[in-house]
Each structure stands twice: as C-alpha cells, then as structure tokens.
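Colleague:
In this note's numbering, the protein residues as written are 952 to 1122.
#1: Which residue marks the beginning of the beta strand (DSSP E) containing residue 1021, and which one marks its end?
#2: In the structure shown, what three-state DSSP assignment does residue 952 receive?
#3: Pull up the CB-CB distance for residue 1030 and residue 981, whole angstroms please, since I reckon it's below 8 Å.
#4: Could you tell me the alpha carbon to alpha carbon distance between residue 968 and residue 992, rounded to whole angstroms?
#5: Below 8 Å, can you find three or more Cβ-Cβ pairs linking the stretch 1068-1078 to the stretch 1087-1097?
#6: Can you tell me the Cα-Cα spacing of residue 952 and residue 1028, whole angstroms?
#7: So, for residue 1087: in the same chain, excluding its five sequence neighbours on each side, which residues have a beta-carbon less than 6 Å away from its beta-carbon?
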C-alpha cells in the first residue's frame, strides 16, 4: 500500500462539522481506521469585538472544506465521495490531488514520528490534554495515527479513550 496523504474535500457551506462527524461514523462502522486516518476541519482563534467586549472565538480556516488524511483507493474514495454534504474532492475532474509538503507546512499538521517505549498492556499516565493526570492501561496502539486507546475509569466503569503518543508517559 502506498503512503497516506492529505486530501481536501469540498462540502456544502456550514456542513463541515457534520461531514466530519459522518465520515468518522462511517470509518467506525466499516472498520476503515487503517485506511482513513484523520478527518479535520481546520480552525483558527480570532478575537471579535462584540458589544464593546473582546471575545476569543474559533472560526473555520477554510469554510466549505474538510481535510482528510487517508490512503487513496476505490473504497476510501467511494466512502468520502458519497458522504452526505460532500460535493467532491478538490482536483481536476474526479481525480483527487493530494496536498504537497509545502502546502501542509503552514497548516502545522505534519507531525514528527514519535518513538515510544511502551506497548499494549502497559500502564501509562496522561500528561496533557483533556485527560491530563489520568492513569490508564493501553488497549491498542496505532503507529500511523500516532495514537493509542487506553482504558480509564469513568463513573466506576472502564471506558476506552483515544490519546496521542505525545500526551502520555510510561509509569
């Protein structure tokens, strides 16, 4: 299989988050986690002045577009292209064109590969993000997405949570 690349999908205006949610759900239902790695609606922080008060809000960086990190093949093309709210891939005709490294650099999306010293079954502590200071046991790891799924205790139950490699340390 070739390398995963970032593609841009055009959507109906205002449907970006709905398209992201629909694609994420389809990935889960069709078990395409190893083919469609990430779906993003790029956001930027903007300060607005409303009624004399400055307020920080998030705005879409590219209204009407969603970025998808995936391996292009007939299945993934079909799934994305036939998602409700998607009008098509960006590119000439029906041929999607991946973003180049130069186009990805200003978006800050390209990640360095993180070398980890833990494996499935290890106990780790989350050091950043929403789950900071949480301790959990690794259930599975995805090297391409650079994430892992850990079990954390939430309301007295074991609950699976996806965490980035960069947000954890081994205990």
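Backbone N, C-alpha and C define an ideal beta-carbon position, used for all residues, glycine too.
Modeller: Based on what the coordinates show:
#1: 1016-1021
#2: In this prediction, residue 952 scores a pLDDT of 48, lower than 50, which makes its location untrustworthy; no coordinate-derived value is stated.
#3: 7 Å
#4: 7 Å
#5: With a cut-off of 8 Å, the stretch 1087-1097 and the stretch 1068-1078 count as touching, because enough Cβ pairs lie within range.
#6: In this prediction, residue 952 has a pLDDT of 48, which is less than 50 and means its spatial position is unreliable; what the coordinates show is noted afterwards. Each residue's alpha carbon lies about 15 Å from the other.
#7: 1101, 1102, 1103
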